[in-house]
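Reading the sequence shown from the start, the letters are residues 261 to 557 in this note's numbering. To start, the structure itself, in structure tokens.
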Amino acid sequence: MNLVQDSRKLVRVRGPRDGILVLGRSDVEKANTLCLYSLGYAMGNLVEALRSSPTLESMVESSVLARDNVETFASQPLILPQSKEAAEAVTSTIMGWFEELLDHEEISPKNRLPKEKVLEFNEAISRFQTIISSELPRANIYYVTPKRAYDTTILIEAGERVLPRDSIDKLTLSKEKVLKDVREATKCLALSNHTAVGFHIYRAIEAIITDEYFPLLEVDLPKNRNLGNYIKILKEKNVNDKITGILDHIKDNYRNPISHPEEFWGQEQAEGAFGLAVSVISIMIQDLVKLKTASIP
């Protein structure tokens with residue numbers, strides 16, 4: 261039974277590989293949904309091979325293709341447990357039968373499949389088709405709508421790229437806080453968690469003030485910790501009016517209102533506030549570089 265034995269050595273015919281694509285430090289996983297097309301193609305090949313009294317020889321390639329695509333499908337984070345089980349049942353039924361034939365040297369690759377086996381295989385495929393057609397419409401697969409000119413993958417995977425290149429690297433004590441909150445803010449923006457955008461992006465701004473400006477200006481962290489008091493201190497220390505002016509605008513129109521439990525943002529508010537906050541963060545970093553340079557004897 262050389263053909264069946266050789267099937268163990270066949271190069272694995274794969275569709276999409278590397279099932280799960282985990283984006284950056286996010287807990288959001290991007291599913292390789294192309295595997296659904298490849299699985300459908302492989303199952304279609306299998307159905308075609310089972311028509312018209314198939315031989316063992318005609319079944320090998322389509323069976324191996326189906327097996328490999330089922331493995332790729334099963335590796336996905338898609339919540340389709342019944343479909344995965346049914347798909348695996350198809351290939352395990354067919355490949356399991358091939359394994360049984362390995363001990364029968366008298367069987368020729370030209371032999372036709374017994375009718376009962378053709379019926380058994382077709383029933384397994386039909387069961388899979390019925391289950392996936394029912395389960396797929398209920399799967400948790402969502403389309404993330406684009407936000408302005410931002411790239412969705414960047415918002416979820418590498419939110420710090422909304423800032424000028426290497427900007428965050430110019431920070432010192434606040435770097436990790438700012439990095440984490442900017443990433444969380446961009447992720448919230450991408451996933452339309454509008455109000456949360458503000459909480460994260462304003463925490464990043466406040467971290468820059470308390471961890472970068474205050475030590476540089478030799479200011480102790482005040483007991484009254486809020487953006488209004490921070491701005492007052494920055495003004496007393498003659499920090500750039502352009503910065504304190506924008507911070508005042510953010511405080512009055514965004515930061516203070518969002519503190520109220522009845523305040524909820526829509527997409528337009530989140531995008532506007534985010535853009536303004538990113539702008540002032542960039543300006544603050546540039547200003548800090550100048551201040552640090554001026555303080556060097």
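Using N, Cα and C, we set each Cβ at its ideal position, and we do this for glycine too. Just so you know, these numbers come straight off a predicted model, no measurement behind them.
Distance from the CA of residue 340 to the CA of residue 348, rounded to the nearest whole angstrom, comes to 12 angstroms.
Going by DSSP, residue 495 is part of the alpha helix (DSSP H) stretching over 487–496. Look at residue 407 here: in three-state DSSP terms it is coil, with no helix or strand label. A distance below 7 angstroms between beta-carbons, with the five flanking residues on each side excluded, links residue 408 to the following residues of its chain, in chain order: 531. Taking all protein chains shown into account, residue 473 has 16 or more neighbouring C-beta atoms within 10 Å of its C-beta and is therefore buried.
The criterion of a C-beta distance shorter than 8 angstroms is not satisfied by residue 316 and residue 381. With a minimum length of 3 residues, there is no unbroken run of beta strand (DSSP E) contained wholly in the segment 483–552. Within the DSSP secondary-structure output, residue 315 pairs in a beta bridge with 372. In the displayed model, residue 348 falls within a helix according to three-state DSSP. For residue 418, there is no enclosing alpha helix (DSSP H), as DSSP marks it with neither H nor E.
In this structure, residue 302 and residue 334 do not form a Cβ contact; the two beta carbons are roughly 13 angstroms apart against a cut-off of 8 angstroms.
Going by DSSP, residue 402 is part of no alpha helix (DSSP H) at all; its letter is neither H nor E.
If you check the CB distance, residue 455 and residue 357 do not come in under 8 angstroms. Leaving aside the five residues that flank residue 360 on each side, none in its chain has a CB nearer than 7 angstroms to its CB. When secondary structure is reduced to three states using DSSP, residue 412 falls in the helix class.
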